[in-house]
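A short worksheet on the structure shown next.
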Amino acid sequence: SAVISQKPSRDICQRGTSLTIQCQVDSQVTMMFWYRQQPGQSLTLIATANQGSEATYESGFVIDKFPISRPNLTFSTLTVSNMSPEDSSIYLCSVLSGFGGEAFFGQGTRLTVV
Amino acid sequence: AQSVTQLGSHVSVSEGALVLLRCNYSSSVPPYLFWYVQYPNQGLQLLLKYTTGATLVKGINGFEAEFKKSETSFHLTKPSAHMSDAAEYFCAVSETTGNQFYFGTGTSLTVIP
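From first to last, the protein sequence lines stand for chains U and E.
Sequence positions in the first sequence follow the numbering used here and run 1 to 114.
Sequence positions in the second sequence follow the numbering used here and run 115 to 227.
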């Protein structure tokens, strides 16, 4: 299994500002995943972060809005840039236990943009 | 790409009654199948998973699910609901050839005393 520490757990931010979310895993993993969970909805994959290369973004998500860093095999950050109220969501990082294995999730960051 | 359908965004059951949460997936090749639970203000926790082998899988907290290839389904059940089961439940699949997870839209379970 993997233990994922994600912070902050919640934040209230002013529109137009940026927030960086940190994700720390207790073991080395090749890929880390960032999801968004809008109120009352399911999880949507934002991007996949590999160490040593640029993140791969899903349709509808762009690097300028959601820049991701992956400096090593246990850590990643997601920045939500130039925030608007529409960015109010829960953001979750995730890793896989291995090929075909389950996904492990951080506790999530509940972001409210006012 | 896969799609995952969870019938019923809200399900209410009485305490002690059977819990049945439905999940269907779209794939000609059986994927790996998962059920996750999300309690308020928390991340997702794995309930159970199916990869290969026995099609009836048992998970934590008395939940189980049965993989039915012919019906492309992976419904979650629990014989007797408990108040602590009230949460959001997500069905998810991952392709056997990749790492991406696909989540259903979730089912909010309410347990009535």
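A virtual CB, placed ideally from N, CA and C, is assigned to each residue, including glycine.
Here the structure is a predicted model, which means the values were calculated and not measured.
Give every residue of the same chain whose Cβ lies closer than 6 Å to the Cβ of residue i, excluding the five residues on either side of it in the sequence, and list them in chain order.
i                      : result
residue 75 of chain U  : 24
residue 176 of chain E : 192
residue 188 of chain E : 137, 147, 179, 181
residue 80 of chain U  : 19, 87
residue 117 of chain E : 140
residue 164 of chain E : 147, 171, 181
residue 31 of chain U  : 48, 50
Please state the DSSP three-state secondary structure of residue i.
i                      : result
residue 26 of chain U  : coil
residue 85 of chain U  : helix
residue 202 of chain E : strand
residue 174 of chain E : helix
residue 65 of chain U  : coil
residue 184 of chain E : helix
Verify the CB distance criterion: does residue i have a CB-CB separation below 8 Å to chain U?
i                      : result
residue 190 of chain E : no
residue 183 of chain E : no
residue 116 of chain E : no
residue 172 of chain E : no
residue 217 of chain E : yes
residue 220 of chain E : yes
residue 148 of chain E : yes
residue 160 of chain E : yes
residue 204 of chain E : yes
residue 96 of chain E  : Residue 96 of chain E lies beyond the residue range present for chain E, which begins at 115 and ends at 227; the question has no answer from this structure.
Taking 8 Å as the CB-CB cut-off, is residue i touching chain E?
i                      : result
residue 106 of chain U : yes
residue 102 of chain U : yes
residue 24 of chain U  : no
residue 41 of chain U  : yes
residue 45 of chain U  : yes
residue 92 of chain U  : yes
Going by DSSP, name the residue or residues bridged to residue i.
i                      : result
residue 124 of chain E : E:222
residue 179 of chain E : E:171, E:190
residue 37 of chain U  : U:43, U:90
residue 136 of chain E : Answer is none; residue 136 of chain E lacks a bridge partner.
residue 50 of chain U  : U:31
residue 10 of chain U  : U:110
residue 72 of chain U  : U:75
residue 103 of chain U : U:96
residue 164 of chain E : E:147
residue 152 of chain E : E:158, E:202
Mind reading off the beta-carbon distance from residue i to residue j? Whole number of angstroms is fine, and I expect it under 8 Å.
i                      : j                      : result
residue 203 of chain E : residue 135 of chain E : 5 Å
residue 152 of chain E : residue 160 of chain E : Going by Cβ atoms, the distance from residue 152 of chain E to residue 160 of chain E rounds to 11 Å, so no, they are not a contact pair.
residue 92 of chain U  : residue 106 of chain U : 6 Å
residue 22 of chain U  : residue 38 of chain U  : That belief does not hold up - the Cβ atoms of residue 22 of chain U and residue 38 of chain U are roughly 21 Å apart, past 8 Å.
Could you pull out every residue in the same chain whose Cβ sits closer than 7 Å to the Cβ of residue i, ignoring the five residues on either side in sequence?
i                      : result
residue 72 of chain U  : 51
residue 129 of chain E : 195, 196, 197, 225, 226, 227
residue 121 of chain E : 136
Who are the near neighbours of residue i in its chain, counting only those whose CB is closer than 8 Å to its CB and skipping five residues on each side?
i                      : result
residue 206 of chain E : 118, 147, 148, 149, 150, 215, 216, 217, 218
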